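Contents: one structure, followed by commentary.
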Amino acid sequence: MLQNCKSISFFVWLRFLSEICGMKYYNIPVFLPELACPFRCVYCNQFSIAGKSQIPDCEQVKHIIDSHLQSFKEKDRFVEVAFFGGNFTGLPEKMQDEYLETVAPYLEKGQIQGIRCSTRPDYINKERLNVLKKFGMRNIELGAQSTDNEVLLQCGRGHDFEAIKSASEMILAEGFILGLQMMIGLLGSSPEKDFQTAKDIVSLGAKETRIYPCLVVKDTVLEKRYRKGQYQPLTIEKAVQRSADIYSYFIENEVNVLRIGLHPSDELDGGDCVAGPYHHNFAEMVFGEIWRRRFENIQGVGNRLILYTHSSQRTNAIGYQAANRKKLLDSFQQVDFLCDDSLSPADFHYEVSDESKQTIILASALMPEAAKQKLAAFGKVLWLEPVSFVYPSIAAHPDIFFFQYAENQLVFAPNTPKEWIAELHKAGMKLMRGKQTLGFAHPETVHYNACGTKNILVHNLKFTDERILKLYAEKQQINVNQAYTRCNLLALNEKAFITSNLGIFQKLKDSDFDVLYIDPRQIHLEGHDYGFFPGCCGVFNQSLLVCGDTSKLKEKTELDAFLSRNGFNLIELYDGALTDLGGILFLLV
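This is the structure in structure tokens:
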């Protein structure tokens, strides 16, 4: 039973984003902590919130811009310089002009495409807006925080709703894009007042917003109120629920939500956040809650639920720490989230059947924790702990101990830890015991490190375990010099391969395969100068899962094009360094 679930109105903005895919947006933030703020709001300690205390001079601003531009790989991009953290239009006009004059050459050369700033509603006037416009500023964000006069008064904002309204009207009249930032759970606020603020932001004509939950920060007036029992911050659960309500309303009204939750900082992480809904994954929690609500009407009779979403939404649909998947498992024995990029990011469809297959994943227990959490959402993971009889840098690598022949069949080394084999037997895996035991170093570590598809085996064949050779006796065998073949080679299908070895690259290319080369010197492998890109990867349901951030790869453009022409999606398991962990094996039983 296949059910198509078309987008509802609060996903209008996601559909818009899908229609402009291909353009990469970059923001170059320049933080101006507490500059020109005439009041200290009860919740504010700008140093803790922004993690910055030093005011940058113009040379430092140039350095910030240059370093960011050098890190951007995509050619098709839109770049803005953003002055954040203080009250930009409250700065001395000479200082404003100097900052903008510093940015102007980048705008003239086309290296950036826009400038934005954040400021206070009571520091906006027509004359200054005209100057900002001449310098090329496009977007102005006002820190409204609330539109309720009583809340503004209790928080010590120093202005009322009329100031927000007047400033918004002037900004729009001069042709700027208006942003209005808001906070939820402020002193004196309520769910109704927070939602009214969202309504006012829409009615004032804002096209952009940010949603920040109020935190109790060290050395603020609000901390004193909190310790006296005069203020109670929102719990994470309530903040997520309220943010989901407000986010959905903004999207229904085509207001772009630029951010949900505060940027993490060393200060907040280090104890400056006394209380309140502070979490590095706050936005992910909110998006997961929105998808949870969408899944409430799923119906059907059967053991297995398969949900299809656009690849960009798969993680959000699964939910933070797989919360949505776990909830759906209350109703179905098996729940799988698959990618279908023919859908817009706003849509999903699903099917319910009696067929039941379990996804088993083999991965190194040394994987970074953030990547572990994301990978666990794809199925049951058997985490391989390091063994002592193989040299340390590969002692927990799946591709050393196992050769995957089919989606449910493995050849394993005879001295593979018994507990791993017991778990795989228990899951119903078809296992074939190899002939050759593993030793501490090459060549005793390479017997199972072959790369295979249904019809092709690639390896240094003089080292291949005889059980593997027997499986491919009547199939195509390609001999290569590199015996650590699977470390260096990943098969997407029968025709497409990714490698970090030039010899393998040339051999396959000469045989008319579609091959992509990724320079291994960009890959981290503990104990070595570098690792190999295929060792960072696994293939599952037309998706390439990678342990690390691919954005800085010098072959990034080629990688994206390669995946696109072979019908694959890219899923990054975390945003850290690309890390070789001996591959990730996905099995279905």
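For the sequence shown, my numbering begins at 2 and goes up steadily by one.
Just so it is clear, CB atoms sit at the ideal spot from N, CA and C, and this is done for glycine as well.
Computed from a predicted model, the values in this text were never measured in an experiment.
Check your understanding: So A105 and G157 are in contact, right, with Cβ under 8 angstroms, and what is the actual spacing, rounded?
Key -> Mapped onto the sequence shown, residue 105 falls at position 104. Mapped onto the sequence shown, residue 157 falls at position 156. The pair is not a contact, with the Cβ atoms about 36 angstroms apart (cut-off 8 angstroms).
Practice item. Can you tell me which of K134, I141, Q71 and N131 puts its alpha carbon nearest to the alpha carbon of G87? Key: Taking the first residue of the sequence shown as position 1, residue 87 is located at position 86. The option with the nearest alpha carbon to G87 is I141.
Review point. Just curious, the alpha helix (DSSP H) that E102 is in, first and last residue?
Key: Stepping through the sequence shown from its first residue, residue 102 is reached at position 101. Note, E102: alpha helix (DSSP H), E94 to E109.
Check your understanding: Any idea what DSSP makes of Q543, helix, strand or coil?
Key -> On the sequence shown, residue 543 is found 542 positions in, with the first residue counted as 1. Here Q543 sits in coil by DSSP.
Review point. A364 by DSSP, collapsed to three states: which one?
Key: Mapped onto the sequence shown, residue 364 falls at position 363. Strand.
Review point. For F11, which three-state DSSP category applies?
Key: By 1-based counting over the sequence shown, the position of residue 11 is 10. Below a pLDDT of 50, predicted positions are generally treated as unreliable, and F11, at 38, falls in that range; no measurement from the model is reported.
Practice item. Note down, in chain order, each residue of its chain lying with its Cβ closer than 6 angstroms to the Cβ of I50, except the 5 sequence neighbours on either side. Key: For this step, residue 50 is matched to residue 49 along the sequence shown. Reliability fails at I50, whose pLDDT of 49 lies under 50, so the model's placement of it is uncertain and no value is given.
Point to revise | Best match in L411, L458, R487 and H280 for proximity to K476 [C-alpha to C-alpha] | key: Indexing the sequence shown from 1 puts residue 476 at position 475. The shortest Cα separation from K476 among L411, L458, R487 and H280 belongs to L458.
**Study point:** Per-residue DSSP class, three states only, for M171
**Key:** Position 170 of the sequence shown holds residue 171. The answer is helix: DSSP assigns M171 an H, G or I state.
Practice item. Please list, in chain order, all residues of the same chain as Q359 whose beta carbon is under 8 angstroms from its beta carbon, the five residues on each side excluded. Key: By one-based count along the sequence shown, residue 359 stands at place 358. Same-chain partners within the cutoff: Q335, G380, K381, A428, G429, L589 and V590.
Check your understanding: Rounded to the nearest angstrom, how far is the Cβ of D201 from that of I247, given a contact under 8 angstroms?
Key -> If you number the sequence shown from 1, residue 201 lands on position 200. If you number the sequence shown from 1, residue 247 lands on position 246. That pair is no contact at about 12 angstroms.
Check your understanding: So what's H64 in DSSP terms, helix, strand or just coil?
Key -> Counted from its first residue, the sequence shown places residue 64 at position 63. Residue state, collapsed to three classes: helix.
Point to revise | Per-residue DSSP class, three states only, for D515 | key: Within the sequence shown, numbered from 1, the residue matching residue 515 stands at position 514. Of the three classes helix, strand and coil, the one that applies to D515 here is strand, per DSSP.
Point to revise | Best match in F402, G303, H350 and V302 for proximity to R315 [C-alpha to C-alpha] | key: Taking the first residue of the sequence shown as 1, we reach residue 315 at position 314. The residue with the shortest Cα to Cα distance from R315 is H350.
Exercise for review: Could you tell me if D270 is buried or exposed, where buried requires 16 or more neighbouring beta carbons within 10 angstroms of its beta carbon?
Suggested key: Taking the first residue of the sequence shown as position 1, residue 270 is located at position 269. Label assigned to D270: exposed.
Exercise for review: Jot down the residue ranges of each uninterrupted beta strand (DSSP E) in the stretch 178-227, minimum 3 residues, whole runs only, in chain order.
Suggested key: 178-185 and 209-214
Review point. Just to confirm, are D400 and C537 a CB contact at a threshold of 9 angstroms?
Key: For the purposes of this step, residue 400 is taken as residue 399 along the sequence shown, with counting starting at 1. For the purposes of this step, residue 537 is taken as residue 536 along the sequence shown, with counting starting at 1. Their beta carbons are not under 9 angstroms apart, which means D400 does not touch C537 by this criterion.
Check your understanding: Could you check where the beta strand (DSSP E) with E556 kicks off and where it finishes?
Key -> If you number the sequence shown from 1, residue 556 lands on position 555. No beta strand (DSSP E) contains E556, which DSSP labels as neither H nor E.
Check your understanding: Distance, Cα to Cα, Y449 vs V516?
Key -> Translated into positions along the sequence shown, residue 449 becomes position 448. Translated into positions along the sequence shown, residue 516 becomes position 515. Whole-angstrom Cα-Cα distance: 22 angstroms.
Exercise for review: Would you mind reading off the limits of the alpha helix (DSSP H) that contains K327?
Suggested key: Locating residue 327 in the sequence shown gives position 326, where the first residue counts as 1. Here the alpha helix (DSSP H) through K327 covers A324 to L329.
Exercise for review: Pair every Cβ in the stretch 387-398 with every Cβ in the stretch 569-578, then say whether three or more of these pairs are closer than 8 angstroms.
Suggested key: no
Check your understanding: So, helix, strand or coil for P393, using DSSP?
Key -> The residue given as residue 393 occupies position 392 in the sequence shown. The answer is helix: DSSP assigns P393 an H, G or I state.
Point to revise | Segment contact flag, the stretch 361-373 with the stretch 327-345, C-beta cutoff 8 angstroms, min 3 pairs | key: no
Review point. Do the CB positions of G584 and L491 come within less than 9 angstroms of each other?
Key: By 1-based counting over the sequence shown, the position of residue 584 is 583. By 1-based counting over the sequence shown, the position of residue 491 is 490. Result yes, Cβ atoms of G584 and L491 sit closer than 9 angstroms.
Review point. Is N567 helix, strand or coil by DSSP?
Key: As a position in the sequence shown, residue 567 is number 566, starting the count at 1. Three-state DSSP puts N567 in coil, outside helix and strand.
Check your understanding: Does the Cβ of T236 have 16 or more other Cβ atoms within 10 Å, making it buried, or fewer, making it exposed?
Key -> Position 235 of the sequence shown, counting from 1, holds the residue named residue 236. By the neighbour-count rule (16 or more Cβ atoms within 10 Å), T236 is not buried but exposed.
Check your understanding: Buried or exposed: D530, going by 16 or more other Cβ atoms within 10 Å of its Cβ?
Key -> Along the sequence shown, one-based indexing puts residue 530 at 529. Its Cβ having fewer than 16 others within 10 Å, D530 is exposed.
Review point. Is C118 close to chain C, meaning its C-beta is less than 9 angstroms from at least one C-beta of that chain?
Key: Within the model displayed, chain C is absent; a lone protein chain is all it includes.
Check your understanding: In chain order, what residues of the same chain have a beta carbon less than 6 angstroms from the beta carbon of V217, not counting five sequence neighbours either side?
Key -> Residue mapping note: residue 217 aligns to position 216 of the sequence shown, counting from 1. The residues are L223, E224, Y227, P234, V275, A276 and G277.
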